[in-house]
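*Asks:*
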Amino acid sequence: MEVIYDFYLVLFDSHVHLPPCHLREDGYVIPSVLPSKVRHAIKSVKNRTAPGPDRIRPEHLKNLPTTLVNTLARLFTRYLSECKVPSQWNTFP
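Going by the working numbering, 63 is the number at position 63 of the sequence shown; the sequence numbering is gapless.
#1: Within a Cβ cutoff of 8 Å, which residues of the same chain sit near V69, ignoring the five residues on either side of it in sequence?
#2: State the Cα-Cα distance for the pair L72 and Y79, rounded to the nearest angstrom.
#3: Residues bridged to I56 by DSSP?
#4: Excluding the 5 residues preceding and the 5 following V45 in the sequence, name in chain order all residues of the same chain whose CB lies nearer than 6 Å to its CB.
#5: Assuming T77 contacts V33 under a Cβ cut-off of 8 Å, what Cβ separation, rounded to an integer in Å, is found between them?
#6: At the level of alpha carbons, what is the spacing between Q88 and S81?
What follows is the structure in C-alpha coordinates.
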(Lines of atoms letter the chains of each structure in order from A and count residues from 1; the text may use other names and numbers.)
(Lines give C-alpha, C1' and ligand atoms only; values in the text may rest on other atoms or scores of the structure.)
Protein backbone atom coordinates (compact mmCIF):
# COMPACT_ATOMS: atom_id res chain seq x y z
CA MET A 1 0.00 0.00 0.00
CA GLU A 2 2.87 2.36 0.77
CA VAL A 3 4.28 1.86 -2.74
CA ILE A 4 0.99 2.95 -4.28
CA TYR A 5 0.78 5.93 -1.95
CA ASP A 6 4.33 7.00 -2.86
CA PHE A 7 3.64 6.55 -6.57
CA TYR A 8 0.64 8.87 -6.55
CA LEU A 9 2.33 11.32 -4.21
CA VAL A 10 5.17 11.71 -6.72
CA LEU A 11 2.79 11.69 -9.69
CA PHE A 12 0.59 14.52 -8.45
CA ASP A 13 3.46 16.51 -7.01
CA SER A 14 5.46 16.46 -10.25
CA HIS A 15 5.86 19.59 -12.33
CA VAL A 16 5.56 18.56 -15.95
CA HIS A 17 5.98 21.30 -18.54
CA LEU A 18 3.06 21.37 -20.94
CA PRO A 19 2.95 23.65 -23.96
CA PRO A 20 0.47 26.51 -23.58
CA CYS A 21 -2.94 26.29 -25.20
CA HIS A 22 -4.39 29.15 -27.17
CA LEU A 23 -8.11 29.82 -26.79
CA ARG A 24 -10.01 31.50 -29.60
CA GLU A 25 -13.05 33.67 -28.99
CA ASP A 26 -15.35 30.79 -29.96
CA GLY A 27 -13.76 28.59 -27.27
CA TYR A 28 -11.84 26.33 -29.64
CA VAL A 29 -8.43 25.43 -28.23
CA ILE A 30 -5.51 25.74 -30.64
CA PRO A 31 -2.73 23.40 -29.51
CA SER A 32 0.85 24.59 -29.73
CA VAL A 33 2.93 23.36 -32.64
CA LEU A 34 5.73 21.38 -31.06
CA PRO A 35 9.33 21.75 -32.28
CA SER A 36 9.55 17.94 -32.47
CA LYS A 37 6.66 17.93 -34.97
CA VAL A 38 8.34 20.66 -37.05
CA ARG A 39 11.61 18.69 -37.07
CA HIS A 40 9.73 15.50 -38.01
CA ALA A 41 7.95 17.26 -40.90
CA ILE A 42 11.24 18.70 -42.18
CA LYS A 43 12.97 15.32 -41.98
CA SER A 44 10.14 13.67 -43.96
CA VAL A 45 10.70 15.90 -47.03
CA LYS A 46 12.59 14.14 -49.82
CA ASN A 47 16.11 15.34 -50.60
CA ARG A 48 17.14 16.61 -54.03
CA THR A 49 13.75 18.12 -54.82
CA ALA A 50 13.39 21.48 -56.51
CA PRO A 51 13.43 24.49 -54.19
CA GLY A 52 10.45 26.80 -53.98
CA PRO A 53 10.45 30.50 -54.84
CA ASP A 54 12.57 31.15 -51.74
CA ARG A 55 15.26 28.88 -53.27
CA ILE A 56 15.62 26.95 -50.01
CA ARG A 57 16.36 23.27 -50.56
CA PRO A 58 15.22 20.48 -48.20
CA GLU A 59 18.86 19.77 -47.37
CA HIS A 60 19.16 23.30 -45.94
CA LEU A 61 16.06 22.88 -43.77
CA LYS A 62 17.23 19.52 -42.47
CA ASN A 63 20.37 21.20 -41.10
CA LEU A 64 18.56 23.99 -39.22
CA PRO A 65 19.79 24.52 -35.67
CA THR A 66 17.38 23.78 -32.83
CA THR A 67 16.86 27.47 -32.11
CA LEU A 68 15.44 28.05 -35.59
CA VAL A 69 13.21 24.96 -35.40
CA ASN A 70 11.87 26.30 -32.08
CA THR A 71 11.25 29.69 -33.69
CA LEU A 72 9.37 28.06 -36.57
CA ALA A 73 7.19 26.16 -34.10
CA ARG A 74 6.32 29.39 -32.27
CA LEU A 75 5.53 31.16 -35.55
CA PHE A 76 3.33 28.31 -36.80
CA THR A 77 1.47 28.32 -33.47
CA ARG A 78 0.91 32.08 -33.71
CA TYR A 79 -0.30 31.90 -37.31
CA LEU A 80 -2.73 29.10 -36.46
CA SER A 81 -4.08 30.92 -33.42
CA GLU A 82 -4.53 34.13 -35.45
CA CYS A 83 -6.00 32.19 -38.40
CA LYS A 84 -3.65 34.10 -40.69
CA VAL A 85 -0.91 33.19 -43.12
CA PRO A 86 1.80 35.75 -43.85
CA SER A 87 1.24 37.39 -47.26
CA GLN A 88 4.84 36.60 -48.19
CA TRP A 89 3.93 32.88 -48.13
CA ASN A 90 1.44 33.35 -50.96
CA THR A 91 3.16 31.98 -54.07
CA PHE A 92 0.28 32.76 -56.42
CA PRO A 93 0.30 36.09 -58.32
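Ideal Cβ placement from N, Cα and C applies to all residues, glycine included.
*Replies:* This is what the structure gives:
#1: These residues qualify, in order along the chain: P35, V38, R39 and I42.
#2: Taking the Cα positions, L72 is about 10 Å away from Y79.
#3: Looking at the DSSP output, I56 bridges to nothing.
#4: Taken in chain order, the residues that qualify are P58.
#5: Indeed they touch by this definition, with Cβ atoms about 5 Å apart.
#6: Each residue's CA atom was taken as its position, placing Q88 and S81 some 18 Å apart.
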